[in-house]
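Below is one structure, written out as structure tokens; the observations come after it.
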Amino acid sequence: MNNIKVNFSIKDLENLTGVKAHTIRIWEKRYNLLSPNRSDTNIRNYNISSLQKLLNISYLNNNGFKISKIADLKEADIANKVRELALKDKTEDHAINAFKIAMINFDQVLFYNTYNNLLSKNTFSKIFYNTFLPLLDEIGLLWQTNTITPAHEHFISVLIKQKILLNIENLQSLNPKPDTKTFVLFLPEQEIHDIGLLFVNYQLRSKGYHTIFLGESVPMDSLKDLFSFFNNICFVSYFTVYPEEESITSYLNNFSNLLLKNNNSKLMLLGQKVLNYDSNELPTNILIYKSIENLVKDL
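Using the UniProt record's numbering, you'd call the opening residue of the sequence shown number 1 and step up by one each time.
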């Protein structure tokens, strides 16, 4: 692993590992599990090795190991115990920790090795649902709390995107089902968060549907051109940051009037912005889904 020097506060460790700062202090004092550096004003700070060790300790503790027993182990033995557990069926927690270390250290090799280990036991869909989605949720919170920088978030997001694109590419040579509807996947103007939409595209392609992926920040008016080529269109979009909450209703009404009138087309919506949207306000040809899994089940 690249030993890039990064200092973490005790609050950063709490955010990254889920272990409360108060608990970390107790473990330090009672079991000498971590040895933080201290500033001139006696403020704790930790290096990447401390973070990795605490992630491993937390992993073992969550899997039934008493903290007093963990404290008796050498650091190398702690890591070996984690690897032993990770080789069993439930590897998601360990993988998420490894991906977080890879992100913090900008370590592509660790990312690929962790991913390939998961892939040897799971389908890509299972990896995305059980590991990548929880990881992305955690990363969002870490970014909001300034525990990581945008560079960290972009680094891990690009690597995950690469895996989705690779799996989509493997499906490109397959002919879609005959007489199937066309799914047009797009993000509204100013929206750039496309990982979820890319995975929806993968799921649709894997089930034999014809898809057209337009990607981020697509003007609504430009979608009219699709009707020159296809009749039965199912639009799919993901509202993560945009449209603004006060603009969602007008956006959806405009979309319905412009693109869904007098045809069999519809719009399927996902994303944080519409999770709590009142579906009673929706036109009948617009559907909101709480998760990608729910959307896929409805196909």
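All C-beta atoms, glycine included, are put in the ideal place defined by N, C-alpha and C.
According to DSSP, residues forming a beta bridge with residue i
i      : result
Met268 : Val236 and Leu287
Leu185 : Phe213 and Val236
Arg25  : According to DSSP, which records beta bridges pairwise, Arg25 is partnered with nothing at all.
Asn37  : Asn45
Phe8   : Tyr46
Val296 : Note: Val296 sits in no beta bridge, so no partner.
Val218 : Pro188
Neighbourhood of residue i by C-beta distance below 7 Å, restricted to the same chain and skipping five residues each side
i      : result
Phe230 : Thr182
Lys11  : Ala21
Phe124 : Asn167
Pro219 : Glu189
Ile127 : Leu118 and Leu119
Tyr277 : Ile248 and Ile288
Glu153 : Ile139 and Trp143
Environment of residue i [buried if 16+ CB atoms lie within 10 Å]
i      : result
Asn2   : Low local confidence applies: a pLDDT of 45 at Asn2 is under 50, so the model's placement there is unreliable, and no value is given.
Leu13  : buried
Glu191 : buried
Asp194 : buried
Pro178 : exposed
Asn15  : buried
Lys261 : exposed
Ser120 : exposed
Ile26  : exposed
Lys224 : exposed
Arg205 : buried
Leu187 : buried
Pro150 : exposed
Arg30  : exposed
Phe8   : buried
Ile43  : exposed
Ser250 : exposed
Lys163 : buried
Inter-residue CB distance, residue i and residue j (contact presumed, cutoff 8 Å)
i      : j      : result
Leu54  : Val19  : 6 Å
Tyr238 : Gly196 : 5 Å
Leu270 : Phe255 : No, Leu270 and Phe255 are not in contact; Cβ-Cβ is about 15 Å, not under 8 Å.
Tyr202 : Asn167 : 5 Å
Phe99  : Thr114 : 6 Å
Val241 : Val200 : Actually they do not touch by this definition, with Cβ atoms about 17 Å apart.
Asn294 : Ser265 : That belief does not hold up - the Cβ atoms of Asn294 and Ser265 are roughly 20 Å apart, past 8 Å.
Contact set for residue i: own chain, Cβ-Cβ below 8 Å, skip 5 residues either direction
i      : result
Leu282 : Leu252 and Ile288
Phe155 : Met103 and Phe106
Ile78  : Lys53, Asn56, Ile57, Leu60 and Ile70
Pro134 : Glu92 and Ile96
Asn62  : Asp93
Gln108 : Ala102 and Leu159
For residue i, the first and last residue of its enclosing alpha helix (DSSP H)
i      : result
Thr114 : Gln108 to Leu119
Met103 : Glu92 to Asn105
Leu164 : Checking the displayed sequence, the identity of residue 164 turns out to be Ile instead of Leu. That run of the alpha helix (DSSP H) goes Pro150 to Glu169.
Asn130 : No alpha helix (DSSP H) contains Asn130, which DSSP labels as neither H nor E.
Leu260 : First-last for Leu260: undefined, no H or E at that position.
Gly64  : No alpha helix (DSSP H) contains Gly64, which DSSP labels as neither H nor E.
Ser206 : Ile195 to Ser206
Same chain, Cβ closer than 6 Å to residue i, neighbours up to 5 away in sequence not counted
i      : result
Ile212 : Val184
Leu34  : Glu28 and Ser50
Lys5   : For Lys5, the predicted structure reports a pLDDT of 45, less than 50, and the residue's modelled location is therefore unreliable. A value from the coordinates is still provided. Nothing listed; no residue qualifies.
Thr17  : Leu54, Leu55 and Ser58
Ile148 : Leu142
Near the ligand NAD: residue i beta-carbon under 7 Å from a heavy atom
i      : result
Tyr202 : No copy of the ligand NAD appears in this structure; indeed no ligand is present at all.
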